[in-house]
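Just remember that this note's numbering sits 894 ahead of the position in the sequence shown, which is counted from 1.
Working notes for the structure below.
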Amino acid sequence: MSSCVFCMIARDEIPAKRVLENDAVIAFDDIAPQAPVHVLIIPREHHADLGDHVPAETLRALFEAVPEVAAIKGVEESGYRVIVNNGRDANQTVAHLHVHVIGGKAMSHGMVAFEE
Ligand code: 5GP
Ligand code: ZN
């Protein structure tokens, strides 16, 4: 996907502060962090969302990277929240599957805020 911003990050065409990478996934700091730790994990291959024929090994690689990212960022013990915004109602703004890892500060219990 030539115009996809996360594909461009994967191809190193636009810069990102990489946290980890392997053959399957790349993790990098969110450009507009919503917490002290806010990392995005993406598959190198383009899939628009979880419904876009994502191979099981890709899903596995994405979620195996989560605790690795947490350890690198120092929030493994304190905890973190993992979010996948999927589609319109979830306000997914970048149509390349990504996992948010958010932490570094205590969060409220509720995790869903609705538009009025
Ligand atoms: P979504 O709302 O789709 O779940 O999350 C997309 C996330 O990507 C947002 O948190 C946004 O700040 C982040 N983002 C969008 N464009 C860029 C970019 O060019 N670089 C980085 N590092 N993050 C981005
Ligand atoms: Zn893409």
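C-beta atoms are modelled at their ideal positions from N, C-alpha and C, and glycine is treated no differently.
Here Pro949 is exposed. Its C-beta has fewer than 16 other C-beta atoms within 10 Å. With the criterion CB distance below 5 Å from any heavy atom of the ligand ZN, the matching residues run Met895, Cys898, Phe900, Cys901, His940 and His990 along the chain. When distances are taken from the beta-carbon of Lys967 to the heavy atoms of the ligand 5GP, even the shortest one reaches 8 Å or more.
As computed with DSSP, Ala926 is found in no beta bridge at all. Shortest gap from the CB of Asn985 to any heavy atom of the ligand 5GP: under 8 Å.
Exposure of His947 is indicated by the presence of fewer than 16 other C-beta atoms within 10 angstroms of its C-beta.
In the DSSP assignment, Ile966 falls outside any beta strand (DSSP E) and within the unbroken alpha helix (DSSP H) covering Ala950 to Lys967. In this structure, Ala959 lies near Ile935, with their beta-carbon atoms less than 9 Å apart.
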